[in-house]
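Asks: To convert, count from 1 in the sequence shown and add 44; that's our numbering.
Just so it is clear, CB atoms sit at the ideal spot from N, CA and C, and this is done for glycine as well.
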Amino acid sequence: MQYQHGGDVYSYSEQFPGTTPLDFSANINPRGIPARVRAAMHDAIDLCTQYPDPHCRALRKALGQRWQLDPKYFFCANGAAEIFYRLATCLKPSRALLTAPTFGEYEMALRPTGCDIDFFTLNASEQFRVTARILDQITDDLSLLILCNPNNPTGCTIDPQLLVQIIEQCRTHQTWLILDECFGDFLLDAHAHEMRPWLDEYDRLIIVRAFTKMYAVPGVRLGWCMTKNLDLISELSTSGQPWNVSVIAQACGVAALACTDWEGQTASEIAKSRQKLFSALSDCGFQVFPGEANYLLFYSDCYDLREQLMPHGVLIRSCANYRGLGQGYYRVAVKSDADNQILIQTISEVLTHGS
């Protein structure tokens, strides 16, 4: 079975036994898990003798308070990825539109449904940004559009005014629109890119988010979506197994939502470190794209850079398997300044002396 994502430290450990890599392949908050979240998960261990709440009531109530929305408009899941698969099953689109490149699980979730999938190609010459040309592809026969904002792996956001036009175009043609905002919390101007107000205007708009990256809990698996379409919420709830969100995950989410300053502080720290890392990667001779989240995409004519770095204890994400990219494209997480410096030093050594 081929694993196509970052964060695969397990395969690394098989290849290099007894070593743990400095992992830049997964875009996880370098600040780690907030103390409040860690304590809540620890306390929840005693509740593991009982089944989790299948309706995630406490978590949905906390989400409702955070987003000023009735809890009935939320659905919680075993990571955002589960939501994409459930949505594909529930919506049964006949034709879908994705950008290329973008997160690969959208396509993986849609393929089993048999729907036709079209792609809106993002160009390096335009810094991989979504442009107004996409409006021409939102027509009456388009069932579903999925957009990632900021996009993965590019880190680029969609201009908010253009995104509003996209929502209005989808409403005109009754096209379902899924907005993946999983990295939105890392933006300095996060509120400018939030489309939550548009849920009141269009009931075929679905916004997907997760706790994974911001709260450094990828092993917990906790994602959620919000939509004003109650029929869809009901279908999502019955489209997969019950008890899909563990006791520990639900406690994690409630505690995370109480960490009111965590997101803003993180975004500020990441922005400073990202700029330093951008400059350092550029100084290595790479073409670095101006991402706005907690990761950077760059191009190198060293097609085996990932493989050369691995023996030195550094793991980066090759983007060769992203539709619309190819060999030579890599993504690295923005970590602490100290870790970022290790990355740059190791890259410099590899480029100078080889692996």
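Does DSSP put G308 in a helix, in a strand, or in coil?
Replies: On the sequence shown, residue 308 is found 264 positions in, with the first residue counted as 1. Note: G308 maps to helix in three-state DSSP.
Asks: How would you label A153, buried or exposed, when you count the other beta carbons within 10 angstroms and need 16 or more for buried?
Replies: For the purposes of this step, residue 153 is taken as the residue at position 109 of the sequence shown. By the neighbour-count rule (16 or more Cβ atoms within 10 Å), A153 is buried.
Asks: Does the distance from the C-beta atom of L349 to that of F68 stay below 8 Å?
Replies: The sequence position of residue 349 within the sequence shown is 305, counting from 1. The sequence position of residue 68 within the sequence shown is 24, counting from 1. In this structure, F68 does not lie closer than 8 Å to L349 by Cβ.
Asks: According to DSSP, which residues form a beta bridge with D67?
Replies: Locating residue 67 in the sequence shown gives position 23, where the first residue counts as 1. Its beta-bridge partners are L359.
Asks: Kindly give me the distance between the Cβ atoms of L135 and L188, rounded to whole angstroms, as I take these residues to be in contact under 8 Å.
Replies: Translated into the one-based positions of the sequence shown, residue 135 becomes position 91. Translated into the one-based positions of the sequence shown, residue 188 becomes position 144. That pair is a contact at about 6 Å.
Asks: Quick one: complete beta strand (DSSP E) runs, 3+ long, within the stretch 243-324?
Replies: DSSP runs (the beta strand (DSSP E)) wholly in the stretch 243-324: 249-254 and 267-270.
Asks: By alpha-carbon positions, which one of F147, Q294, A88 and I182 ends up nearest to E225?
Replies: Here the question's residue 225 lines up with position 181 in the sequence shown. The candidate whose alpha carbon is nearest that of E225 is F147.
Asks: Going by other Cβ atoms of all chains shown within 10 Å of its Cβ, with 16 needed for buried, is I290 buried or exposed?
Replies: As a first step, residue 290 is located in the sequence shown; it is residue number 246 there, counting from the start. It is Ser, not Ile, that sits at residue 290 in the sequence shown. S290 should be labelled buried.
Asks: In chain order, what are the residue ranges of uninterrupted beta strand (DSSP E) at least 3 long that sit wholly in the stretch 86-167?
Replies: Correct list: 118-121, 139-144 and 160-165.
Asks: I think P262 touches G51, with their Cβ atoms under 8 Å apart; what is that distance to the nearest whole Å?
Replies: What you label residue 262 is simply residue 218 of the sequence shown in a count that begins at 1. What you label residue 51 is simply residue 7 of the sequence shown in a count that begins at 1. Right, their Cβ atoms sit about 6 Å apart.
Asks: Is the Cβ-Cβ distance between L166 and A132 less than 8 Å?
Replies: Locating residue 166 in the sequence shown gives position 122, where the first residue counts as 1. Locating residue 132 in the sequence shown gives position 88, where the first residue counts as 1. No, they are not a contact pair.
Asks: Who does A377 pair with in a DSSP beta bridge?
Replies: Counting from one through the sequence shown, the residue named residue 377 turns up at place 333. Answer is Y339, bridged to A377.
Asks: If you draw a straight line from the C-alpha of C200 to the C-alpha of M354, how long is it?
Replies: Sequence index remark: in the sequence shown, residue 200 carries index 156 (1-based). Sequence index remark: in the sequence shown, residue 354 carries index 310 (1-based). C200 and M354: Cα-Cα distance of roughly 27 Å.
Asks: Quick check on DSSP: helix, strand or coil for L369?
Replies: Taking the first residue of the sequence shown as 1, we reach residue 369 at position 325. DSSP places L369 in coil when its eight states are reduced to three.
Asks: Per DSSP, what kind of secondary structure is I190 in: helix, strand or coil?
Replies: Position 146 of the sequence shown, counted from the first residue, corresponds to residue 190. If DSSP states are grouped into helix, strand and coil, I190 belongs with the strands.
Asks: Touching or not, the stretch 106-124 and the stretch 288-303, by the rule of three or more beta carbon pairs under 8 Å?
Replies: The stretch 106-124, when compared against the stretch 288-303, does touch it at the 8 Å Cβ threshold.
Asks: I'd like the list of long-range same chain contacts for E279, defined as Cβ closer than 7 Å, with 5 residues on each side in sequence excluded.
Replies: In the sequence shown, the residue the question calls residue 279 occupies position 235. Answer for E279: C134, listed in chain order.
Asks: Going along the chain, which residues of its own chain have a beta-carbon closer than 6 Å to the beta-carbon of T64, five neighbours each way excluded?
Replies: Against the sequence shown, residue 64 aligns to sequence position 20. For T64, where only same-chain residues beyond five positions count, there are no Cβ hits under 6 Å.
Asks: With DSSP as the reference, label Q59 as helix, strand or coil.
Replies: Here residue 59 refers to the residue found at position 15 of the sequence shown. Three-state result, Q59: helix.
Asks: Under the assumption that G267 contacts A124 (Cβ atoms under 8 Å), give the Cβ distance between them as a whole number of angstroms.
Replies: Residue 267 sits at position 223 when you count from the first residue of the sequence shown. Residue 124 sits at position 80 when you count from the first residue of the sequence shown. Going by Cβ atoms, the distance from G267 to A124 rounds to 3 Å, so yes, they are a contact pair.
Asks: Terminal residues of the continuous beta strand (DSSP E) containing L206?
Replies: Locating residue 206 in the sequence shown gives position 162, counting from the first residue. From DSSP, L206 is part of no beta strand (DSSP E) but of the alpha helix (DSSP H) over P204 to H217.
Asks: Can you tell me where the beta strand (DSSP E) with L221 in it begins and where it stops?
Replies: Along the sequence shown, read from residue 1 onward, the residue named residue 221 stands at position 177. Looking at the DSSP string, the run of the beta strand (DSSP E) that includes L221 is W220 to D224.
Asks: At a cut of 8 Å, does the stretch 174-187 reach the stretch 212-224 through at least three beta carbon pairs?
Replies: Result yes; three or more Cβ-Cβ pairs closer than 8 Å.
Asks: Can you grab the Cα-Cα spacing for the pair M45 / Y56, in whole Å?
Replies: As a position in the sequence shown, residue 45 is number 1, starting the count at 1. As a position in the sequence shown, residue 56 is number 12, starting the count at 1. Any reading at M45 needs caution, since the residue's pLDDT is 37, under 50, leaving its predicted position unreliable; the model's value is listed next. Rounded to the nearest angstrom, the two C-alpha atoms are 15 Å apart.
Asks: Tell me, which residues are paired with V332 by DSSP?
Replies: Translated into the one-based positions of the sequence shown, residue 332 becomes position 288. The partner list for V332 (beta bridge, DSSP) reads F342.
Asks: Need the endpoints of the alpha helix (DSSP H) that E351 sits in, please.
Replies: Taking the first residue of the sequence shown as position 1, residue 351 is located at position 307. Its alpha helix (DSSP H) spans residues L349 to L353.
Asks: Mind the definition here: the stretch 205-212 touches the stretch 338-346 only if three or more C-beta pairs lie below 8 Å; say whether that holds.
Replies: Too few Cβ pairs lie closer than 8 Å, so no.
Asks: According to the neighbour-count rule (16 or more other Cβ atoms, all chains shown, within 10 Å of its Cβ), is T198 buried or exposed?
Replies: Counted from its first residue, the sequence shown places residue 198 at position 154. Looking at its Cβ environment, which holds 16 or more other Cβ atoms inside 10 Å, T198 is buried.
Asks: If you run the structure through DSSP and keep just helix, strand and coil, what is Q171?
Replies: Numbered from 1 along the sequence shown, position 127 holds the residue referred to as residue 171. Three-state DSSP puts Q171 in coil, outside helix and strand.
Asks: Which term fits E58, buried or exposed, when burial requires 16 or more other beta carbons within 10 angstroms of its beta carbon?
Replies: For the purposes of this step, residue 58 is taken as residue 14 along the sequence shown, with counting starting at 1. Looking at its Cβ environment, which holds fewer than 16 other Cβ atoms inside 10 Å, E58 is exposed.
Asks: Let me make sure I understand the geometry here. Which of K116, V332 and C269 has the alpha-carbon closest to that of Q319?
Replies: On the sequence shown, position 275 is the one that residue 319 refers to. It is V332 whose Cα lies nearest to the Cα of Q319.
Asks: Distance check for I391 and L337, CA to CA, integer angstroms please.
Replies: Working through the sequence shown from its first residue, we reach residue 337 at position 293. Working through the sequence shown from its first residue, we reach residue 391 at position 347. Residue identity differs from the one stated: residue 337 is Ala in this sequence, not Leu. Computed Cα separation, rounded: 22 Å.
Asks: Could you give the first and the last residue of the continuous alpha helix (DSSP H) run that contains H237?
Replies: Walking along the sequence shown from the start, residue 237 turns up at place 193. Its alpha helix (DSSP H) spans residues A234 to H237.
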